[in-house]
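Numbering (my numbering), first residue to last: 593 to 692. Each remark here refers to the structure printed beneath this line.
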């Protein structure tokens with residue numbers, strides 16, 4: 593199956609992206625990239641647990657995390673990354689990108 597990067601920009605109150613991920617990719621081939629209010633997916637314990645079961649990697653935009661007053665120590669899942677690593681994931685490590 594194709595390696596897929598899923599981009600999420602909505603909070604867990606607005607969207608549970610795991611349903612779409614499960615339909616389009618195997619866990620081992622899925623990476624979640626969180627931008628804007630999507631970073632709350634990695635800060636909320638129940639949403640973070642769902643993400644951990646749906647994808648093998650969670651990348652959290654460091655700029656969006658810091659803009660909302662959080663740091664990497666606040667994350668329940670995933671890791672804080674900069675734009676260069678996000679671009680590398682999308683362009684080099686995955687075959688397709690899906691914005692949810």
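Each residue gets a CB set at the ideal place from its N, CA and C atoms; glycine is no exception.
Requested in this report: Determine the closest residue to residue 653 out of 681, 646 and 638, with distance taken between C-alpha atoms.
Outcome: Within the chain shown, numbered from 1, the residue matching residue 653 stands at position 61. When each option's Cα is compared against that of residue 653, the closest is 681.
Query raised in the report: Under a three-way DSSP split, which group does residue 623 fall into?
Result: As a working note, residue 623 is residue 31 in the chain shown. Note: residue 623 maps to strand in three-state DSSP.
**Report entry** Of the listed residues 627, 603, 607 and 605, nearest to residue 597 (C-alpha basis)
**Finding:** Position 5 of the chain shown, counted from the first residue, corresponds to residue 597. For residue 597, the nearest C-alpha among the options comes from 627.
Query raised in the report: Given residue 635, which residues of its chain have a CB within under 7 Å of its CB, disregarding the five upstream and five downstream residues?
Result: If you number the chain shown from 1, residue 635 lands on position 43. Cβ within range, chain order: 662, 666, 667 and 668.
Requested in this report: Report, in whole angstroms, the separation of the C-beta atoms of residue 625 and residue 692, which I expect to be a contact under 8 Å.
Outcome: Taking the first residue of the chain shown as position 1, residue 625 is located at position 33. Taking the first residue of the chain shown as position 1, residue 692 is located at position 100. Not confirmed; about 10 Å, so no contact.
**Report entry** Rounded separation between residue 620 and residue 603 - CA only
**Finding:** The residue labelled residue 620 in the question sits at position 28 within the chain shown. The residue labelled residue 603 in the question sits at position 11 within the chain shown. Between residue 620 and residue 603, the C-alpha separation is close to 24 Å.
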